[in-house]
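Just below is one structure, and these are the notes that go with it.
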Amino acid sequence: MKCTILVSQGSPLSTVIGPYEMFQLANSLVEKERRIEINVVGTQCWLKEAKNFEFKLVKTFNEVERSDYIVIAPLGRITPNSLVFEQALLDWLQGQYQEGSRLISLCTGAFLLAATGLLDGKSATTHWQYDNEFQQAYPKVLLKSHEVICQQGRLLTSGGANAYQDLILHIIGEQFGQAVKRQCAKLLMLDFSRKSLQVFRTPDKMRRHLDEDIHILQDWLQETLAQPFKLDQLAQKINLSDRQVKRKFVKATGMPPLIYVQYMRVELAKEYLLETIWNVEKISDAVGYQDVRFFRGLFKRHVGISPSQYRQNFT
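Mapping of the sequence shown onto the working numbering: residues 1248 to 1562, in sequence order.
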């Protein structure tokens, strides 16, 4: 697994070193063969944050082959000049995305991600201080600066600078499991339960496909997970028949839409069991099941143990 942190001339060092050290901490907690390979690269060879201080980068972006994750560090203070990007850089980001990479922007890094055109027609967030500048520069993007994190398929954006911690913890959880994620959060004294329960519901393995129609449906299902499931609504969203949607969904994710929704509800329930003090009845209702007996049976079929046993074993 490869991760590239892309920094620019104005990137605050804390938002470069912070993600890097979080990944390194996670790497130190797992076996060598499971570790993430981390590269820090720049739009140019020097990163200058303050007077008389420079940070030398070993590589520039065009020396990097495909990465599983591209983390775009904040650009720093936004000025008209800071929104002029090399076409080669934009082409490189677009190429990485087309090859299956997940592109993740931190804070004002969303300006660079939006400049690629990949966010057109999609929701995104950035630092609230630059709402007007973002909307003027990228009117086709649906700005939601009140959101801490927005996920649109393989595109993820985070708001104010420290929101990067939630994103990096999410990636750590995907790659190494929830136990390592919680251990990292405790060692760093971070509260990661605030946003991750509602924002990140789709495991990475379900998002590695390249079918944009299915990514659209996954985004919608993520937002409406607790609502009654209706296959015809999915079909209407992408103008296909029920049978065509099923076929595309299975090809992209490996499971039919209904089984996928059940799986995602169980995954969310597992998070609630570990990160809240809610009883099973409340969790069942929160993930879309008013019949708690049905929920208990579904959970046991998927996980192998009851919700109560799961909470007892993993907390």
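Glycine included, every Cβ here is placed at the ideal spot set by N, Cα and C.
Note that the coordinates shown come from a computational prediction; the quantities given were computed from them, not determined experimentally.
CB residue i to CB residue j, shorter than 8 Å?
i       : j       : result
THR1290 : PHE1270 : no
LEU1472 : GLY1535 : yes
LEU1464 : LYS1484 : yes
LEU1350 : ALA1384 : no
LYS1495 : ASP1458 : yes
ALA1227 : ILE1419 : Only positions 1248 to 1562 of the chain appear in the structure, and residue 1227 is not among them; the question remains open.
VAL1539 : VAL1527 : yes
LEU1389 : LEU1359 : no
SER1566 : ILE1319 : Limits of the chain in this structure are 1248 at one end and 1562 at the other, which puts residue 1566 out of reach.
THR1262 : TYR1377 : no
LEU1416 : LEU1434 : no
ALA1361 : LEU1337 : no
LEU1276 : VAL1427 : yes
VAL1287 : ILE1325 : no
MET1511 : LEU1545 : no
HIS1462 : THR1500 : no
ARG1558 : PHE1423 : no
How far does the beta strand (DSSP E) with residue i in it extend, from its first residue to its last?
i       : result
GLU1284 : 1284–1289
LEU1253 : 1249–1254
DSSP on residue i, reduced to helix/strand/coil?
i       : result
GLN1537 : coil
GLN1398 : strand
SER1275 : helix
ARG1349 : strand
LYS1369 : coil
SER1258 : coil
ILE1317 : strand
LYS1517 : helix
LYS1387 : coil
LYS1477 : coil
LEU1416 : helix
SER1329 : helix
LEU1545 : helix
LEU1403 : strand
Classify residue i: buried if its beta carbon has 16 or more other beta carbons within 10 angstroms, exposed otherwise.
i       : result
HIS1393 : exposed
THR1404 : buried
LYS1515 : Per the sequence shown, the amino acid found at residue 1515 is Leu instead of Lys. Classification for LEU1515: buried.
GLU1268 : exposed
TRP1375 : exposed
GLN1509 : buried
PRO1386 : exposed
PRO1266 : buried
MET1453 : buried
ASP1479 : exposed
PHE1542 : buried
PHE1561 : exposed
SER1555 : exposed
ILE1285 : buried
GLU1310 : exposed
ALA1357 : buried
GLU1518 : buried
ARG1548 : exposed
ILE1398 : The sequence given here places Gln at residue 1398; Ile does not occur at that position. Flag for GLN1398 reads buried.
ALA1335 : exposed
Could you tell me the boundaries of the alpha helix (DSSP H) in which residue i lies?
i       : result
SER1555 : 1554–1561
ILE1463 : 1459–1470
THR1363 : Counting along the chain, THR1363 falls outside any alpha helix (DSSP H), and DSSP gives it neither H nor E.
VAL1492 : 1489–1500
GLN1430 : 1425–1434
Once you ignore the five residues that flank residue i on each side, which residues in its own chain have a CB closer than 7 Å to its CB?
i       : result
ALA1482 : SER1488, ASP1489, VAL1492
ASP1460 : ILE1485, LYS1495
PRO1503 : LYS1493, PHE1496, VAL1497
GLY1257 : LEU1322, GLY1323, ARG1324, SER1329
PHE1368 : It is worth fixing the name first, because residue 1368 is Gly in this sequence and not Phe. Result list for GLY1368: LYS1387, in chain order.
Please work out which residues of its chain come closer than 6 Å, Cβ to Cβ, to residue i, disregarding the five sequence neighbours upstream and downstream, and give them in chain order.
i       : result
GLN1343 : ILE1317
ARG1441 : For ARG1441, the predicted structure reports a pLDDT of 48, less than 50, and the residue's modelled location is therefore unreliable. The matter cannot be settled from this model.
GLY1406 : THR1372, VAL1395
PHE1381 : THR1373, LEU1390
Spatial neighbours of residue i within its chain, please: C-beta separation below 8 Å, excluding the five flanking residues on both sides.
i       : result
ARG1313 : LYS1249, GLN1343, GLU1346, GLY1347, SER1348
PRO1475 : GLY1535
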